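Numbering (our numbering), first residue to last: 1337 to 1639. Note that CB positions come from ideal geometry on N, CA and C, so glycine has one too. Treat the numbers as computed from the prediction; the structure is a model and nothing was measured. A short worksheet on the structure shown next.
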């Protein structure tokens, strides 16, 4: 029964994360990226504030960490999510998902520099394989679509490394606040500010916003932004960090399959091979130094 619950949670997370990228594409049908990002956070903020209230958590970080709370607002919310939606104007939803799957590799590389974290040769080789395969895959997708999508790809890559840097900073600072405290105020502030900036700079035509885009924003804010994250951290409490990180191996495949099914896109055999190589590299980069032997002997399993 316990394994069934964990497998269900795992499935919910990969399906939620895998569908997020297509929802972003639908949101952009009738909304500009900054405005859409702001509305996404505004739709999530009331639920996060409600969770803050029922868990009796603090709205603010502890004294001494409040400047870091501002950094969370700016570098966990405003910049990376706006960059992702900006990037999806130029790249397919599946390509954005695939780029984001290298987040564990980015975390590993930044941890080596910032935290002097131990690293194995297998992890380094896996990281190199993942990044090289990703580069080749993006070139292949650009060739297949006959378009130059590097501007969008670079925007998503930058978002990945911003997220990774903030994750490492949380580890470095031993940032131990509740999930609702970490997200509620930064999400609300980002929603208000980005929506205002979007209205002033992008001048969206409210009457042109479609129900598809509006529903996608609600899905991104509530289902992906709150429910998906809660499920991920609930899963993380029940299984090992390594097992939880396998989400990054699975959700890009879901994103590709959904785009092929819904958008009638074609993912070439060469792209599938490169994706398999990239995800293999991500997998190797995830194997903890102290556990690489046990994993290699097929002892990695649910706790």
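Span of the alpha helix (DSSP H), counted from its first residue to its last, around residue i
i: residue 1499; result: 1486 to 1508
i: residue 1408; result: 1402 to 1408
i: residue 1582; result: Premise fails: residue 1582 is in no alpha helix (DSSP H) and is neither H nor E.
i: residue 1537; result: No alpha helix (DSSP H) holds residue 1537; DSSP gives it neither H nor E.
i: residue 1425; result: It is not in any alpha helix (DSSP H) - residue 1425 carries neither H nor E in the DSSP assignment.
i: residue 1342; result: 1338 to 1363
i: residue 1574; result: 1564 to 1574
i: residue 1397; result: Looking at the DSSP string, residue 1397 is not in any alpha helix (DSSP H), and its letter there is neither H nor E.
i: residue 1440; result: 1439 to 1450
i: residue 1620; result: 1605 to 1622
i: residue 1373; result: 1369 to 1390
i: residue 1554; result: 1547 to 1554
Classification of residue i by the beta-carbon crowding that lies within 10 angstroms, buried from 16 upward
i: residue 1630; result: Because residue 1630 sits at a pLDDT of 45, beneath the cut-off of 50, its placement in the model cannot be relied upon, and the point is left open.
i: residue 1498; result: buried
i: residue 1358; result: buried
i: residue 1542; result: exposed
i: residue 1434; result: buried
i: residue 1403; result: exposed
i: residue 1416; result: buried
i: residue 1637; result: Low local confidence applies: a pLDDT of 40 at residue 1637 is under 50, so the model's placement there is unreliable, with the coordinate-based value given in what follows. Exposed is the call here.
i: residue 1471; result: exposed
i: residue 1451; result: exposed
i: residue 1517; result: buried
i: residue 1346; result: buried
i: residue 1352; result: buried
i: residue 1326; result: Here the chain has residues from 1337 to 1639 only, and residue 1326 is not among them.
i: residue 1338; result: exposed
i: residue 1317; result: Past the edges of the chain, shown from 1337 to 1639, lies residue 1317, and the structure says nothing about it.
i: residue 1612; result: exposed
i: residue 1562; result: buried
i: residue 1597; result: exposed
i: residue 1531; result: buried
Among the options, nearest to residue i - alpha-carbon criterion
i: residue 1555; options: 1376, 1344, 1367; result: 1376
i: residue 1547; options: 1450, 1352, 1364, 1441; result: 1364
i: residue 1607; options: 1564, 1473, 1427; result: 1473
i: residue 1520; options: 1590, 1597, 1383; result: 1383
i: residue 1505; options: 1418, 1615, 1449, 1594; result: 1449
i: residue 1594; options: 1346, 1362, 1344, 1338; result: 1362
i: residue 1589; options: 1407, 1454, 1431; result: 1431
i: residue 1463; options: 1416, 1438, 1479; result: 1438
i: residue 1368; options: 1396, 1545, 1399; result: 1545
i: residue 1604; options: 1427, 1477, 1371; result: 1477
i: residue 1510; options: 1385, 1391, 1401, 1349; result: 1401
i: residue 1537; options: 1601, 1349, 1371, 1623; result: 1371
i: residue 1576; options: 1623, 1385, 1557; result: 1623
Under 7 angstroms between C-beta atoms of residue i and residue j
i: residue 1379; j: residue 1553; result: yes
i: residue 1502; j: residue 1569; result: no
i: residue 1522; j: residue 1413; result: yes
i: residue 1447; j: residue 1625; result: no
i: residue 1393; j: residue 1549; result: no
i: residue 1580; j: residue 1566; result: no
i: residue 1418; j: residue 1560; result: no
i: residue 1489; j: residue 1427; result: yes
i: residue 1491; j: residue 1409; result: no
i: residue 1316; j: residue 1583; result: Because the chain is modelled from 1337 through 1639, residue 1316 falls outside the range shown and cannot be assessed.
Integer Cβ distance of residue i from residue j, believed to fall under 8 angstroms
i: residue 1587; j: residue 1354; result: 4 angstroms
i: residue 1527; j: residue 1374; result: 5 angstroms
i: residue 1342; j: residue 1574; result: 6 angstroms
i: residue 1465; j: residue 1617; result: 3 angstroms
i: residue 1396; j: residue 1621; result: Not confirmed; about 35 angstroms, so no contact.
i: residue 1420; j: residue 1495; result: 5 angstroms
i: residue 1585; j: residue 1615; result: 5 angstroms
Closer than 7 angstroms to chain D by CB, residue i
i: residue 1595; result: Structure shown: chain D not included; a single protein chain is present.
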